[in-house]
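In full-length UniProt numbering, the protein residues as written are 1 to 349.
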């Protein structure tokens with residue numbers, strides 16, 4: 001898996017690559033919440049349809065990633081800080097059409113916190129690789145704004161390794177003073193296709209597009225400067241219902257894009273706890289909240305000891321990883337695809 005590097009992972013031209021796709025409990029399990037939509041990315045007959053399918057799948061991941069905990073628990077809760085090398089493995093078993101999905105994730109940096117992930121459906125021919133981190137700052141009045149670093153790359157081996165660069169949304173955490181924090185998305189994210197197309201997704205915290213919170217509008221068009229006409233648009237509420245319009249057709253009738261109520265997320269399949277390794281998230285943080293809170297300081301103290309020992313040996317955080325390895329981005333296919341698509345994105349926006 002290809003990744004931009006940071007000062008904690010040394011070299012400017014390095015990236016992380018999975019040795020053998022293997023897994024971590026975090027926001028990344030939500031990439032696989034809708035296995036059929038993930039598999040459908042490669043099912044589009046045209047490049048335009050595949051970009052639409054990729055955009056639909058991406059929108060489907062947002063509810064689980066940023067809204068489901070507020071819905072089920074009434075509010076967002078601060079997660080434990082993952083330790084370096086923490087792992088998560090999961091699987092979604094599909095049918096003969098959909099195929100199985102396997103997720104591998106590992107905390108590849110503790111300071112700053114960065115997670116590497118690899119999601120793959122071999123039968124459908126869809127691979128997702130990437131990394132993510134967060135940089136936060138206090139925002140007035142009484143909130144926190146979070147800039148998500150990193151990106152994801154989708155590769156479609158059945159379509160001549162067609163690739164998509166996906167950027168991550170900014171988060172606005174509000175309601176801290178009232179004790180009921182919730183997450184809103186803001187700004188614009190992009191899905192850039194190697195077929196020369198782009199999906200621009202605008203988020204509104206005030207319901208600008210639909211009159212409701214969590215609204216979005218996606219515009220899909222060519223990267224060609226001479227062809228600025230959109231061929232699809234989609235809009236609605238990413239935590240609810242959205243519709244799309246095929247602008248290539250004269251009638252332009254809205255059709256269902258995604259419905260988070262009707263299309264419920266599929267829970268991942270996990271190994272029994274006694275078969276998990278010591279660094280797997282569900283085993284590492286398996287105690288009840290009170291016990292886990294007490295154990296948290298012990299785990300973090302042990303990590304500090306390991307970090308000191310690495311420093312004395314002249315090692316970096318990358319030397320502690322078990323699943324992902326540091327590679328030269330120029331010598332990595334996913335890294336090369338990222339660089340090309342990044343330039344396309346810069347040119348476009």
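Yeah, the Cβ is synthetic: ideal placement off N, Cα and C, and Gly gets one too.
Drop a sphere of 10 angstroms on the beta-carbon of residue i, count the other beta-carbons inside from all chains shown, and report buried for 16 or more, exposed for fewer.
i, result
"residue 163", "buried"
"residue 233", "buried"
"residue 140", "exposed"
"residue 156", "buried"
"residue 62", "buried"
"residue 255", "exposed"
"residue 305", "exposed"
"residue 280", "buried"
"residue 56", "buried"
"residue 105", "buried"
"residue 131", "buried"
"residue 333", "exposed"
"residue 191", "buried"
"residue 184", "buried"
"residue 118", "buried"
"residue 318", "buried"
"residue 50", "buried"
"residue 25", "Bear in mind that the predicted position of residue 25 carries a pLDDT of just 41, short of 50, making it unreliable; the figure below should be weighed with that in mind. By the 10 Å Cβ count, residue 25 comes out buried."
"residue 312", "exposed"
"residue 126", "buried"
"residue 349", "exposed"
"residue 237", "buried"
Can you tell me which of the options puts its alpha carbon nearest to the alpha carbon of residue i?
i, options, result
"residue 285", "99, 81, 53, 138", "81"
"residue 33", "236, 320, 194, 92", "92"
"residue 95", "60, 39, 57, 65", "39"
"residue 272", "88, 241, 83", "88"
"residue 43", "325, 146, 121, 252", "121"
"residue 128", "154, 342, 299, 183", "154"
"residue 214", "235, 226, 220", "235"
"residue 54", "185, 301, 31, 133", "31"
"residue 107", "152, 283, 83", "83"
"residue 196", "338, 224, 219, 181", "224"
"residue 278", "85, 311, 64, 49", "85"
"residue 169", "275, 46, 177, 202", "202"
"residue 160", "46, 317, 148, 327", "46"
"residue 134", "148, 144, 270, 217", "148"
"residue 198", "36, 35, 343", "343"
"residue 269", "282, 261, 259", "282"
"residue 146", "166, 123, 174", "174"
"residue 260", "48, 36, 29, 64", "64"
"residue 245", "52, 41, 29, 37", "52"
How is residue i classed by DSSP in three states: helix, strand or coil?
i, result
"residue 73", "At residue 73, the pLDDT of 46 sits below 50, so the modelled position is not reliable; the number obtained from the coordinates is stated separately. Residue 73 falls in the helix class under three-state DSSP."
"residue 48", "helix"
"residue 238", "coil"
"residue 165", "strand"
"residue 202", "strand"
"residue 224", "coil"
"residue 247", "coil"
"residue 323", "coil"
"residue 32", "helix"
"residue 328", "strand"
"residue 229", "coil"
"residue 195", "coil"
"residue 21", "Confidence in residue 21 is poor, its pLDDT being 32 and thus under 50, which makes the residue's placement unreliable; the coordinate value appears in the next sentence. It is coil, neither helix nor strand."
"residue 12", "In this predicted model, residue 12 has a pLDDT of only 31, less than 50, meaning its place in the structure is not dependable enough to derive any value."
Who are residue i's beta bridge partners in DSSP?
i, result
"residue 172", "145, 184"
"residue 151", "131"
"residue 217", "202, 235"
"residue 190", "200"
"residue 255", "244"
Ranges of the alpha helix (DSSP H) found wholly within the stretch 258-320, counting only runs of at least 4: 281-284, 289-312
If we require 4 or more residues per run, which alpha helix (DSSP H) segments fall completely within the stretch 82-144? none
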